[in-house]
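Here is the structure we will look at.
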Amino acid sequence: MKGKAHWRLRTRTLELGRRTLVMGVVNITLDSFSDGGLFLSPEAAVAHGLKLIEEGADILDLGAESTRPGSHAGGANAAVSADEEQARLLPVVEGILKRLPHAVLSVDTYKAETARGALAAGAEIVNDVSGFTWDPAIAEVCAEFHAGVVLLHTRGRPEEWRAQPQLEPDALLATVREALAASLASARRAGIPPDSIVLDPGYGFGKRFGENFTLLARQSELLSLGRPLLAGLSRKSFLGHTLASPFGGEPAPIADRENASLAAMTAAILHGASIVRVHVVRPAVEAARVADAILAAL
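As structure tokens, then:
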């Protein structure tokens, strides 16, 4: 079972474990699988972020490059350069903090240059989907700014995910655990203290559909790495495939995955997640409170 911990960020510390923290997603992208293009303008993204905070988000996670399956994120042919990523991202960071100076902002990036710009603009957290493997220089940037970090497990790059071999449950857990341990080691070598680090199992990132359920069922085993867990299950494609029956055998559309997202999120909390990353905040806050009450009764 998860215990209480503290997450040291750039200018403050968050308490974890007393209640589940909700991280709301703001995608400033053209092609994110869930809501690409909806919040591309800074004004729309800022307004959306403020709305999510009003609905109860503890943290906002701002991303300006899609890492959906099949994208070329992380490689030499990445569709979004660091300059373009910052041009999308930094006005939103600045706009939200102008309205709400105490908002806790995370930036979803694997690029060292973008992390530096966002932290200098006031972000508190860097959420690296590559776990410091696609641009190793990002670790030094996070250490320099004393940022909080999220290290996510991914297996391969997005264009490789659909071809990943299926792993047996024990092999899957070992693969995730070993890669997260390696990311932790990279962070510590860069001078990032352990209490600045949260780990993310990386649901949907290089996992075959059924593997995500195996990982969710055994998620609490990753607490042996000694750091709190963040779970991002919202609207993932493996949930859409699970709901295919009512949709003529096709994956459920994005808009019809919210109930499944809440169910998976609740399971993640009961299996040790201290933070959940979601697209729709208010129902997630309510479901998290119920899950927290169950855990408090144990």
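Numbers 868 to 1165, taken from the numbering used here, label the letters of the sequence shown in order. All C-beta atoms in this analysis are idealised placements derived from N, C-alpha and C, irrespective of residue type, glycine included.
*asked:* Judging by CA-CA distance, which residue of Val960, Gly1099, Lys978 is the nearest neighbour of Leu1066?
replied: Per the Cα distances, Gly1099.
_Output needed for Tyr977: all residues of its chain with C-beta closer than 7 Å, excluding positions within five of it in sequence on either side, in chain order._
By the criterion of a C-beta distance shorter than 7 Å, Tyr977 is surrounded in its chain by Gly941, Asp995, Val996, Ser997, Trp1001, Asp1002, Ile1005, once the five residues flanking it on both sides are discounted.
*Quick one: is Arg1056 buried, meaning 16 or more other Cβ sit within 10 Å of its Cβ, or exposed?*
Under the 10 Å beta carbon count, Arg1056 is surrounded by fewer than 16 other beta carbons and is classified as exposed.
*Using the Cα positions of Ile895 and Asp950, report the straight-line distance between them to the nearest angstrom.*
Computed Cα separation, rounded: 14 Å.
*Return the bridge partner residues of Ile1142 from the DSSP annotation.*
Answer is Leu888, Leu1097.
*Return helix, strand or coil for Glu882, following the three-state DSSP convention.*
Reduced to three states, the DSSP call for Glu882 is strand.
_Contact set for Thr1133: own chain, Cβ-Cβ below 6 Å, skip 5 residues either direction_ = Cβ neighbours of Thr1133 beyond the five flanking positions: Ala1154, Ala1158.
*For Asp902, does the three-state DSSP call read helix, strand or coil?*
Residue confidence is low: Asp902 scores 49 on pLDDT, short of 50, so the model does not pin down where it sits. Its coordinate-derived value is still stated next. In the three-state reduction of the DSSP assignment, Asp902 falls in the coil class.
*Apply the 10 Å Cβ neighbour rule to Ala1135 and answer buried if 16 or more other Cβ atoms are within range, or exposed otherwise.*
It counts as buried.
*What whole-angstrom Cβ distance do Leu929 and Leu897 have, given they're in contact under 8 Å?*
Approximately 15 Å separates the beta-carbon atoms of Leu929 and Leu897; this is outside 8 Å, ruling out the contact.
*Leu972: which of Val892, Glu882, Leu1051 sits nearest, CA to CA?*
Of the listed residues, the one whose Cα sits closest to Leu972 is Val892.
*Fully enclosed by the region 1054–1090, which alpha helix (DSSP H) runs are 4 residues long or longer?*
Listed in chain order, they are 1076–1084.
*Pull up the distance between the alpha-carbon of Lys869 and that of Gly884, whole angstroms please.*
Whole-angstrom Cα-Cα distance: 7 Å.
_Across the region 1101–1114 and the region 1142–1153, are there enough close Cβ pairs to call them in contact, namely three or more that are closer than 8 Å?_
A contact exists between the region 1101–1114 and the region 1142–1153.
*To the nearest angstrom, how far is it from the Cα of Ala1048 to the Cα of Ala931?*
If I take the Cα positions, the gap works out to 27 Å.
*Report yes if the CB atom of Phe1114 is closer than 8 Å to the CB atom of Asn1079, and no otherwise.*
In this structure, Asn1079 does not lie closer than 8 Å to Phe1114 by Cβ.
*Grab me the residues of Gly1071's own chain with a C-beta within less than 6 Å of its C-beta, minus the 5 sequence neighbours each way, in chain order.*
Closer than 6 Å at Cβ, skipping near neighbours: Lys1103.
_Buried versus exposed, by CB contacts within 10 Å (16 or more), Gln1033_ = Label assigned to Gln1033: exposed.
*asked:* Given this structure, state the Cα-to-Cα distance separating Pro968 from Ser1063, to the nearest angstrom.
replied: Annotation: Pro968 to Ser1063 spans about 21 Å, alpha carbon to alpha carbon.
*Measure from the alpha carbon of Ile1059 to the alpha carbon of each residue in Arg886, Gly923, Glu1007, then state which is nearest.*
Measuring from the Cα of Ile1059, the nearest candidate turns out to be Glu1007.
*Give a yes or no on whether the C-beta atoms belonging to Ser1091 and His1138 are separated by under 8 Å.*
Result no, Cβ atoms of Ser1091 and His1138 do not sit closer than 8 Å.
*Give me the Cβ distance between Gly1021 and Gly1069, rounded to the nearest whole Å; I'm assuming they're in contact under 8 Å.*
The residue you asked about is not Gly; residue 1021 is Thr in the sequence shown. Right, their Cβ atoms sit about 5 Å apart.
*Exposed unless 16 or more other CB atoms sit within 10 angstroms - verdict on Lys1074*: Residue environment analysis places Lys1074 among the buried positions, since at least 16 neighbouring C-beta atoms fall within 10 angstroms of its C-beta.
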